[in-house]
Structures are given as C-alpha cells and as structure tokens.
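Asks: Shown below is the structure under consideration.
See the structure below:
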C-alpha cells in the first residue's frame with residue numbers, strides 16, 4: 001500500500017519506494033506529492049479505535065472509518081489510547097470555515113488530562129498548531145491589533161508547565177517556533193502535516209516543507225491529542241510510526 005505525502009519524503013526508511021506524482025486539491029490545481037510504502041515496517045493507520053474522548057461530547061469528534069469530523073465544541077482534546085516517545089506522525093486536516101483553530105498536542109502526560117473539564121485544554125505538552133489563513137484577519141478585526149504573536153503556517157510551542165527551546169525564526173516573545181515558509185492551504189482545502197519527535201526534539205513539515213520545531217522538550221513522552229477549539233475541522237490519513 002502507498003500513501004501520498006504532499007512534497008514530503010518520510011525520513012529514516014531506506015526501504016520506502018518514493019515516486020513523484022500530482023494530486024488535485026479542491027481548487028483544481030495540482031499539488032506535488034511523494035508516495036511512500038506504508039507497508040514498510042512500523043507504519044500503521046489510526047482510526048477511532050485508537051483514540052479516547054477526554055473532555056468532549058459524542059459529537060466533538062465523530063469517526064467515519066479512518067476520517068474524523070470535529071465539531072469544535074466544546075473546546076478540548078481527544079487522546080490516543082497509548083503514550084509515545086519517539087515517533088513519526090502523518091495527518092491531513094481541513095478547516096471547514098474561515099478562521100478555524102485546531103492542532104495536535106504531542107507528549108501530553110495523563111496528569112494533564114485526568115479530570116480536565118469541558119472547554120479547557122491540557123496545561124502540559126507541545127502544541128503543533130493548525131490555524132486557518134483567515135485567523136489573523138479575525139484577530140485584527142476583534143482586537144484592533146496586528147497578529148504579531150502567531151502565524152497560520154505551523155507554529156510549535158510548549159503549553160503551560162512545559163518547556164521547549166524553539167527553532168528560529170521565533171515569535172516576538174521567543175516562546176514559539178515560527179514557520180520558515182508559508183505553505184498552508186486555506187479553509188476548504190486539505191493540508192498535510194508530517195511531525196517527527198525524537199528524544200525531545202520535534203520538527204514539522206507542512207505540505208512537504210520543513211517549517212518549524214524545537215529541542216529540549218519537557219515532557220518528551222506522553223499522549224498525542226487532537227484538539228477541538230471552536231470551529232469544525234476534518235482529519236484523515238492519520239499514520240503513525242513509533243521509533244526506538
């Protein structure tokens with residue numbers, strides 16, 4: 001079996017057979033993709049059986065086979081049934097409305113999830129953010145301020161009690177790793193994240209381009225969580241490989 005990865009070669013697998021192809025997006029334009037063999041050792045596709053609701057309701061994340069529809073309500077997370085330390089994660093996502101907000105949390109400990117009430121997010125872990133391109137406009141309209149402290153192209157940052165040494169470029173306060181390229185597609189179109197976490201270092205590729213990351217993450221082991229933050233979103237093609 002093969003999986004199309006938008007412009008991204010999954011590293012660390014010399015046995016993978018990589019081909020170049022073009023895959024149409026919703027706009028009709030072609031997106032350059034690379035294809036790798038998902039039968040290579042260790043890769044497995046995740047679905048609803050691999051996740052547990054933390055503080056949402058039965059409509060927060062509804063699975064349709066290997067694709068999930070998130071309502072965005074209430075704010076919260078859905079976690080994997082298992083913890084990971086070193087891993088590769090591929091996930092495709094699409095915001096369904098302008099200015100959508102979501103993300104993936106890595107290395108979240110159970111202590112940050114137990115008893116977490118609805119409309120709260122974990123206070124420990126590393127967030128890999130998924131913001132729609134209209135989020136900055138909405139922020140400016142509501143606050144009258146320019147969106148200088150975040151981007152819509154794959155910020156990575158430590159939340160709450162966590163810590164991380166972010167890779168440059170940095171947000172003005174030095175807390176976030178800002179993306180080095182702007183490759184995110186707008187709402188209504190699929191985006192693809194490839195996230196690699198090894199020994200407390202995390203890196204993100206957005207639609208095939210490495211853009212952000214950080215090292216010396218604490219914690220560096222825990223659950224992966226899909227975020228619900230107020231706007232509908234779809235997830236699909238969630239593939240995971242745990243590494244030694």
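Residue numbers (our numbering): 1 to 244. Just so it is clear, CB atoms sit at the ideal spot from N, CA and C, and this is done for glycine as well. Quantities reported herein were computed from a predicted structural model and do not represent experimental measurements.
1) Alpha carbon to alpha carbon, what distance is there between residue 99 and residue 244?
2) In chain order, which alpha helix (DSSP H) runs of at least 4 residues are fully inside the stretch 134-206?
3) Rounding to the nearest angstrom, what Cα-Cα distance links residue 51 and residue 202 in this structure?
4) So residue 45 is in the beta strand (DSSP E); what residue range does that whole segment cover?
5) On a CA-only basis, which of 82, 74 and 56 is nearest residue 242? Give me that one, please.
6) In chain order, what residues of the same chain lie with their CB nearer than 7 Å to the CB of residue 101, ignoring the 5 residues before and after it?
7) In whole angstroms, give me the CA-to-CA distance for residue 233 and residue 58.
8) Three-state secondary structure (DSSP) at residue 71?
9) What does the alpha-carbon distance come out to for the pair residue 56 and residue 49?
10) Would DSSP call residue 48 helix, strand or coil?
11) Spatial neighbours of residue 154 within its chain, please: CB distance less than 6 Å, with the 5 preceding and 5 following residues excluded, ordered by chain position.
12) So is residue 114 buried or exposed if we call it buried at 16+ other beta carbons inside 10 Å?
13) Please classify residue 106: does DSSP put it in a helix, a strand, or coil?
14) Could you compute how far the alpha carbon of residue 184 sits from the alpha carbon of residue 195?
15) Mapping DSSP to helix, strand and coil, what is residue 218?
16) So which of 92, 164 and 61 has the shortest CA-CA distance to residue 216?
17) CA-CA distance, residue 224 and residue 143?
18) Kindly indicate which three-state DSSP category residue 111 falls into: helix, strand or coil?
19) Since residue 129 sits in a beta bridge, which residues does DSSP pair it with?
20) Do the CB positions of residue 75 and residue 193 come within less than 8 Å of each other?
21) How many whole angstroms separate the CB atoms of residue 128 and residue 226, which I take to be in contact at a CB cut-off of 8 Å?
22) How many Å lie between residue 103 and residue 199 at the Cα?
23) Per DSSP, what kind of secondary structure is residue 96 in: helix, strand or coil?
Replies: In this structure, then:
1) As a working note, residue 244 is residue 244 in the chain shown. As a working note, residue 99 is residue 99 in the chain shown. For residue 244 and residue 99, the distance between alpha carbons rounds to 38 Å.
2) 135-143
3) Within the chain shown, residue 51 is the residue found at index 51, counting from 1. Within the chain shown, residue 202 is the residue found at index 202, counting from 1. Distance between the alpha carbons of residue 51 and residue 202 is about 22 Å.
4) Taking the chain shown and counting its residues from 1, one reaches residue 45 at position 45. From DSSP, the beta strand (DSSP E) with residue 45 extends over 43-45.
5) Along the chain shown, one-based indexing puts residue 242 at 242. When only C-alpha atoms are compared, the closest one is 82.
6) Here residue 101 corresponds to residue number 101 of the chain shown, with the count starting at 1. 131, 135, 229, 230 and 231, listed in sequence order.
7) Here residue 233 refers to the residue found at position 233 of the chain shown. Here residue 58 refers to the residue found at position 58 of the chain shown. Answer to the nearest angstrom: the Cα atoms are 15 Å apart.
8) What you label residue 71 is simply residue 71 of the chain shown in a count that begins at 1. In the structure shown, residue 71 sits in coil (DSSP, three-state: anything other than H, G, I, E or B).
9) Position 56 of the chain shown, counted from the first residue, corresponds to residue 56. Position 49 of the chain shown, counted from the first residue, corresponds to residue 49. Computed Cα separation, rounded: 16 Å.
10) Residue mapping note: residue 48 aligns to position 48 of the chain shown, counting from 1. Here residue 48 sits in helix by DSSP.
11) To locate residue 154, count along the chain shown from 1; it is residue 154. 179, 204, 206, 211 and 212, listed in sequence order.
12) On the chain shown, residue 114 is found 114 positions in, with the first residue counted as 1. Classification of residue 114: exposed, given that the 10 Å Cβ count is below 16.
13) The sequence position of residue 106 within the chain shown is 106, counting from 1. Correct three-state label for residue 106: strand.
14) In the chain shown, counting from the first residue as 1, residue 184 sits at position 184. In the chain shown, counting from the first residue as 1, residue 195 sits at position 195. Between residue 184 and residue 195, the C-alpha separation is close to 15 Å.
15) Stepping through the chain shown from its first residue, residue 218 is reached at position 218. If DSSP states are grouped into helix, strand and coil, residue 218 belongs with the strands.
16) As a working note, residue 216 is residue 216 in the chain shown. When each option's Cα is compared against that of residue 216, the closest is 164.
17) For the purposes of this step, residue 224 is taken as residue 224 along the chain shown, with counting starting at 1. For the purposes of this step, residue 143 is taken as residue 143 along the chain shown, with counting starting at 1. Cα to Cα, residue 224 sits roughly 32 Å from residue 143.
18) Your numbering for residue 111 matches position 111 in the chain shown. In this structure, residue 111 counts as helix in the three-state DSSP scheme.
19) Looking up residue 129 in the chain shown gives position 129. Partner(s): 103.
20) As a working mapping, residue 75 is identified with position 75 in the chain shown. As a working mapping, residue 193 is identified with position 193 in the chain shown. Contact: no.
21) Along the chain shown, read from residue 1 onward, the residue named residue 128 stands at position 128. Along the chain shown, read from residue 1 onward, the residue named residue 226 stands at position 226. Not really, about 11 Å apart at Cβ, beyond 8 Å.
22) Taking the first residue of the chain shown as position 1, residue 103 is located at position 103. Taking the first residue of the chain shown as position 1, residue 199 is located at position 199. Roughly 21 Å separates the two Cα atoms.
23) Locating residue 96 in the chain shown gives position 96, where the first residue counts as 1. Three-state DSSP puts residue 96 in coil, outside helix and strand.
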